[in-house]
Amino acid sequence: MDVEGVFHSVADPDREIAGRLTFNPVEGGRLRLIGHSFDIMPIGLGISEAVRFNGTTTSDSYTLDGCYPTANSYRFDRLPDVVFYVPLIVSTLLFEKDEPLDFSSIQVSLRHLEPWIMSKRISHASFSSAGSDQQDDSLGYSSVSAQHPPVDSSQLDGGELSLCFAYDILGDEFTSMTLSQRAIVEFVPTRPLDLHELLEVTGPIQQILTIAADNPAVYTDIRFEHPDLASFREEDPTIDDHAKLFTRMRGTGLGGDTAGVAPDKMLFSYADIGGIDGLVRWIRLAKRYRVVLNPLLGHKYQTASFVGNRLGDATGAADSFYLIRYGAEPGAAKSLRRRLVALAQRAGSTFCRIVGNPEDWATHVKNARTEIVHAGERDNPRYDDQAYGAFARSVYLVLVLCFLRELEVSEQVINRAIATRFQNLGARLRAAIGDEPHEDQQEAE
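For the sequence shown, position 412 matches number 419 in the numbering used here, and the numbering has no gaps at all.
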């Protein structure tokens with residue numbers, strides 16, 4: 008976004024100042040206000056709390072929430088300006104000073120969503136009259152068409168979750184026409200919810216796509232419905248159907264498979280977890296295991312991370328998973344090692360064959376984690392970065408499989424998930440482990 012218009016603080020709507028609003032998903036938003044010092048100095052100086060601005064341009068209206076000044080310039084030879092950092096922008100709607108950012112629905116699109124659904128709905132057909140018995144003047148044709156699938160929907164606590172598709176046609180009709188499809192997940196609550204509450208519903212969808220693709224899933228579009236928009240559209244049909252959200256989201260700007268991971272490279276599909284009903288179960292599950300998923304997937308959204316940190320985060324997540332799932336049961340394991348063994352057994356026989364003896368694997372993982380925690384205290388560390396990486400990857404896999412078990416997927420799905428992206432893990436672990444654990448390394452449980 009890069010637009011010019013007039014802006015005012017919602018606390019002082021009569022003081023309108025010319026400005027330029029820019030946004031990119033990596034750096035976020037910036038508002039540069041330019042005006043006479045009498046107008047601008049009270050805005051840029053002495054601000055102790057975040058400011059909300061309203062702005063209008065020739066094409067749209069915007070609410071800028073949570074703004075704070077980052078730079079200012081007051082010189083006698085030019086008009087002064089103030090630059091505000093803008094963490095959140097909502098298009099089309101103008102929210103007042105204390106008006107909550109409540110919406111009646113949210114629609115999101117994410118990277119990897121279409122291949123995860125594995126729904127091929129666009130087809131091509133052509134016909135040439137050459138050599139045919141056709142008597143009319145037709146020379147043939149080529150066409151591209153899209154089949155609109157039915158909407159999948161299911162009840163989610165306090166609302167309805169739906170999966171549908173939108174289709175776009177672009178081109179100048181002279182040289183090209185392009186037909187594209189975009190999958191959309193929509194949540195319609197029974198009552199308007201705050202923007203952040205709605206994003207908490209869609210957050211687990213980003214997480215399961217990241218797990219399925221083994222690659223960071225990022226939002227590509229976020230839109231909201233608001234009661235005011237319906238009345239606006241009655242007066243002006245050209246108004247956008249939804250308010251759009253512009254804000255920095257985790258993972259934006261990362262590399263990876265930006266076009267989406269191919270369907271055959273997904274660990275599991277939308278259908279594998281049970282379609283829309285399975286997605287609802289996952290959202291509920293993710294809410295329960297939030298303290299597990301956040302550290303487990305955190306490294307996916309970083310440009311770089313230390314393998315030791317990844318192992319520490321993964322083992323911490325595994326410990327939390329065990330406590331949430333089994334901690335209240337009689338005879339629950341008291342040590343990390345015993346908990347890892349239990350999770351390996353829960354993951355299944357295929358995982359146990361990859362790691363070899365689950366008891367030995369758990370011992371090595373626990374010892375490696377201890378070595379990281381006490382880094383610098385030992386002259387001759389037992390493991391290197393390659394070993395840390397293999398252990399971290401194996402703990403990541405055991406948790407992915409445990410989550411799939413919670414979703415009650417078939418054994419075929421479990422085996423395919425392992426075969427898709429973890430074929431070399433067994434060899435990496437054998438290289439990392441080498442000899443069996445020494446007795447002095449099998450520290451007290």
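A virtual CB, placed ideally from N, CA and C, is assigned to each residue, including glycine.
Exposure label - residue i; buried when at least 16 CB within 10 Å
i, result
"K373", "buried"
"S238", "exposed"
"G62", "buried"
"Y148", "exposed"
"H119", "buried"
"F91", "buried"
"M184", "exposed"
"T322", "buried"
"A220", "buried"
"R344", "buried"
"Q213", "buried"
"F181", "exposed"
"G334", "exposed"
"D88", "buried"
"S327", "buried"
"P211", "buried"
"R332", "buried"
"R317", "buried"
Beta-ladder partner(s) of residue i, from DSSP
i, result
"H131", "V151"
"C359", "In DSSP, C359 forms no bridge with anything."
"H371", "According to DSSP, which records beta bridges pairwise, H371 is partnered with nothing at all."
"A25", "V13, I41"
"R353", "DSSP output for R353 lists no bridge partner at all."
"R317", "None; R317 has no bridge partner."
"P196", "G166"
"E336", "Answer is none; E336 lacks a bridge partner."
"I176", "L186"
Proximity below 8 Å, CB of residue i to CB of residue j
i, j, result
"A369", "V348", "yes"
"C516", "L108", "The first residue shown for the chain is 8 and the last is 452, placing residue 516 beyond what the model contains."
"I425", "F358", "yes"
"R198", "A173", "no"
"V17", "T64", "no"
"T7", "L286", "This structure leaves residue 7 out entirely; the chain is present only between 8 and 452."
"V97", "T70", "yes"
"V115", "I215", "no"
"A325", "R346", "yes"
"L163", "I290", "yes"
"I124", "Y277", "yes"
"H7", "F398", "The structure shown does not extend to residue 7, since the chain spans only 8 to 452, so no value can be given for it."
"L206", "V192", "no"
Any C-beta of chain C under 8 Å from that of residue i
i, result
"Q162", "Among the chains of the structure shown, chain C does not appear; only one protein chain is present."
Close Cβ partners of residue i (< 6 Å) along its chain, the five nearest in sequence each way excluded
i, result
"E23", "V13, H15"
"V195", "S112, G166, E167"
"G315", "I379, Y395"
"V58", "S16, C74"
"S161", "L168, I283, D284, V287"
"K251", "S98, R230"
"L202", "L108"
"V208", "F194"
Cβ shell of residue i (< 8 Å), same chain only, five flanking positions each side left out
i, result
"P94", "G35, G36, D72, G73, C74, T254, R255"
"L455", "The structure shown does not extend to residue 455, since the chain spans only 8 to 452, so no value can be given for it."
"R423", "L274, F275"
"R400", "F429, L432, R435"
"E106", "none"
Same chain, Cβ closer than 7 Å to residue i, neighbours up to 5 away in sequence not counted
i, result
"E232", "F110, S111, S112, H249"
"A269", "P122"
"I421", "G355, T357, L408, L411"
"P20", "none"
"D67", "S98, T99"
"M8", "L28, T29, F30, F253"
"G319", "R376, I379"
"F313", "none"
"P388", "E378"
"G305", "D320"
"L101", "N61, S68, T70"
Any non-hydrogen atom of the ligand MN within 7 Å of residue i CB
i, result
"P107", "Ligands are entirely absent from the displayed structure, and the ligand MN is therefore not among its contents."
Assess, as a yes-or-no matter, whether the stretch 300–315 is touched by the stretch 347–354 under the definition of 3 or more beta carbon pairs within less than 8 Å. The stretch 347–354 vs the stretch 300–315: no contact.
Could you tell me whether the stretch 390–397 touches the stretch 327–339, using the rule of 3 or more Cβ pairs below 8 Å? Cβ pair count under 8 Å is below three, so no.
Does the stretch 362–379 touch the stretch 426–439, meaning 3 or more C-beta pairs lie closer than 8 Å? yes
Check whether the stretch 409–418 and the stretch 273–291 are in contact - that is, three or more C-beta pairs closer than 8 Å. yes
Does the count of Cβ pairs from the stretch 398–405 and the stretch 286–300 closer than 8 Å reach three? Result no; under three Cβ-Cβ pairs closer than 8 Å.
Should the stretch 153–170 be regarded as contacting the stretch 126–135, the criterion being three or more beta carbon pairs within less than 8 Å? yes
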